[in-house]
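There are 2 protein chains.
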Amino acid sequence: MAERLTRQESRRRTRGRLLEAAAELFAERGVNGASVEQIAERAGYSRGAFYGNFDGKDALVAELLAERTRREAEEVREATAGAATRAEAFDALRAWNRERARNLESWLALRMELLLHAIRTPELRPLLAEREQAARSALAEGVRRELDRDGAAPPADPAFLALIAHALEDGLLIQRVLDPAAVGDEAVVDAVELLLRSWTALGGEAAEEGGT
Amino acid sequence: MAERLTRQESRRRTRGRLLEAAAELFAERGVNGASVEQIAERAGYSRGAFYGNFDGKDALVAELLAERTRREAEEVREATAGAATRAEAFDALRAWNRERARNLESWLALRMELLLHAIRTPELRPLLAEREQAARSALAEGVRRELDRDGAAPPADPAFLALIAHALEDGLLIQRVLDPAAVGDEAVVDAVELLLRSWTALGGEAAEEGGT
DNA sequence: GTTTTCTAATACAAGACTGTATTGGAATTC
DNA sequence: GAATTCCAATACAGTCTTGTATTAGAAAAC
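Protein chains in written order, with our numbering: chain A, 1235 to 1446; chain B, 1235 to 1446.
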């Protein structure tokens, strides 16, 4: 029952627990509102352990930010990778969103906390900017493909269309937290679906204008 | 030169300066990161003055939140009130956005700080929720009217369309701060304009389907 | 012009947070 | 199995923050 852990494993586990506890506390009280002591305590360690594993709170925040952005990108990629049709892809996204909705507030709070921290910490910004760019260009490719499949011309630069879809995610999440009754579980996916149809209509109309 | 201020005026001015200084500092360092002393100092007063005018930092945050949401709603209303045509309204919004873009980062940081604070402070949430609802329903009315003017049926519940437009604002601001190069000055207005055209196309298509 | 009322500055006590230095006890190496 | 290396707990000094209590000075009332 007592699995022997190698030192490396033990250390990794300690770091992981500290990161997790920090994420929770950041969501609850903010980065500035959570003390090193509280983080260590919730993780089940002491302050000494914290400083042994991280150079300080800022270093932990940086690592948390990197970890979260990486993991989220992975999850979306995995969720949509297996989808053959557009409907399947949307279904997969819906499922992913539902999953996330269960901890929406703390999720959004953590995202906003990390965003703010990145805004205020110049050396962290490239990290976030890069990940956002990647998300946008993947989305742009998807939009282009889907419109093309329906025989519609993009009614604007696909990069701009992707930006809209991408931005909607954050914006709708915020609205949802502020007013859960007005924003359904699947608003994000529904909205993107609607936009895609709208753009198809606009692009198709333009393309068929000459023919009709 | 030395205008005599009545006590009321003087007090009001002190409060205003404290609120302004707090807004700056909250944007820079976060609500938790700004101490009462720093706020008082930047405003040109001492801590005693602060506690004489507010019950504490939380009370100041609440007042700041109320003031900002009220003021913003007013500004948008004023900006669009004078517009006779849709183009004029969009132009007015563009101008308003350009104005705001000059302090974009601190503006967004403050909004996010206040949002987070509201998320974590149950008694503050109704305040924000109410204002967001009002904004959405005003927007819904506008969307309905514009689509109607073009003879298009709303392709979805106008409330949902308004939600999308409204959410885009926050989302695009976030993207813009993270990656200014990828998001133009007028992305918000451009996006809403595009959406309106798209929905017209979709709604018009649906409406004319039987006729064609 | 004197008294009263109110605003803002200063002083103070209590508590919290940080980072480091030291110590005890495991895991690895020989 | 002894020595060494590493991890985490505890102790400590210093700084910062908060809220209140006291005090000086200006404005309002008479």
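Every residue, glycine too, gets a C-beta built ideally from N, C-alpha and C.
Nothing here was measured: the structure is a model prediction, and the numbers come from that model.
- Annotation: residue 1267 of chain B to residue 1356 of chain B spans about 21 Å, alpha carbon to alpha carbon.
- Taking 7 Å as the cut-off between beta carbons, the residues of the region 1382-1412 of chain B near chain A are 1389, 1390, 1397, 1398, 1400, 1401, 1402, 1403, 1404, 1405, 1406, 1408, 1409, 1411 and 1412, in sequence order.
- Residues of chain B whose Cβ lies closer than 9 Å to the Cβ of residue 1370 of chain A are, in chain order, 1409, 1413 and 1416.
- Residues of chain A with a Cβ closer than 7 Å to the Cβ of residue 1267 of chain B are, in chain order, 1266.
- In chain order, 1413 and 1416 make up the part of chain B whose C-beta sits under 8 Å from the C-beta of residue 1367 of chain A.
- Taking all protein chains shown into account, residue 1382 of chain A has fewer than 16 neighbouring C-beta atoms within 10 Å of its C-beta and is therefore exposed.
- The beta-carbon of residue 1431 of chain A is placed less than 8 Å from the nearest beta-carbon of chain B.
- Counting only runs of 4+ residues, the alpha helix (DSSP H) found wholly inside the region 1335-1367 of chain B occupies 1338-1354, in chain order.
- Between residue 1397 of chain B and the set A:1404, A:1394 and A:1252, the nearest pair of CA atoms involves A:1404.
- Chain A has a Cβ within less than 8 Å of the Cβ of residue 1425 of chain B.
- Taking C-alpha positions only, residue 1256 of chain B is separated from residue 1305 of chain A by approximately 36 Å.
- The three-state reading of DSSP puts residue 1314 of chain B in helix, counting H, G and I together.
- Spatial neighbours of residue 1426 of chain A in its own chain (CB-CB distance under 6 Å, excluding positions within 5 residues in sequence) are listed in chain order as 1399.
- For the region 1330-1355 of chain A, the set of residues with a beta-carbon nearer than 8 Å to any beta-carbon of chain B comprises 1339, 1342, 1343, 1346, 1347, 1349, 1350, 1352, 1353 and 1354, in chain order.
- With its beta carbon less than 8 Å from one in chain B, residue 1435 of chain A belongs to the interface.
- The Cβ of residue 1363 of chain B sits closer than 8 Å to at least one Cβ of chain A.
- Remark: three or more beta-carbon pairs, one from each stretch, lie closer than 8 Å, so the region 1322-1332 of chain B and the region 1423-1437 of chain B are flagged as touching.
- Shown here for residue 1261 of chain B: same chain residues with a beta carbon closer than 6 Å to its own, the five before and five after excluded, namely 1340, 1343 and 1344 in chain order.
- Against chain A, the beta carbon of residue 1259 of chain B has no neighbour under 9 Å; the closest one sits roughly 12 Å away.
- Across the structure, residue 1309 of chain A and residue 1407 of chain B are spaced so that their CA atoms are roughly 25 Å apart.
- The closest CA to that of residue 1338 of chain A, considering only B:1274, B:1353 and B:1271, is found on B:1353.
- Assignment of residue 1280 of chain A by DSSP, reduced to helix, strand and coil, places it in the coil class.
- Secondary structure remark: continuous beta strand (DSSP E) runs of at least 3 residues inside the region 1255-1301 of chain A: none found.
- A Cβ-Cβ contact shorter than 8 Å links residue 1412 of chain A with residue 1362 of chain B.
- With respect to the 8 Å criterion, residue 1296 of chain B and residue 1284 of chain B are not classified as neighbours on the basis of their beta carbons.
- Chain B has a Cβ within less than 8 Å of the Cβ of residue 1428 of chain A.
- In this structure, residue 1264 of chain A sits away from residue 1436 of chain B, with a CB-CB distance that is not shorter than 8 Å.
- Taking C-alpha positions only, residue 1323 of chain A is separated from residue 1379 of chain A by approximately 13 Å.
- Around the beta-carbon of residue 1269 of chain A, fewer than 16 other beta-carbon atoms lie within 10 Å, marking it exposed.
- A straight-line Cα-Cα distance of about 19 Å links residue 1303 of chain B and residue 1414 of chain A.
- Buried is the label assigned to residue 1431 of chain A, since at least 16 other Cβ atoms lie within 10 Å of its Cβ.
- Of A:1314, A:1370 and A:1298, the smallest CA-CA separation from residue 1410 of chain B is found for A:1370.
- Counting only the Cα atoms, residue 1313 of chain B lies some 28 Å from residue 1429 of chain A.
- The beta carbon of residue 1334 of chain A sits closer than 7 Å to the beta carbons of 1341 from its chain, once the five residues preceding and following it are set aside; these are given in chain order.
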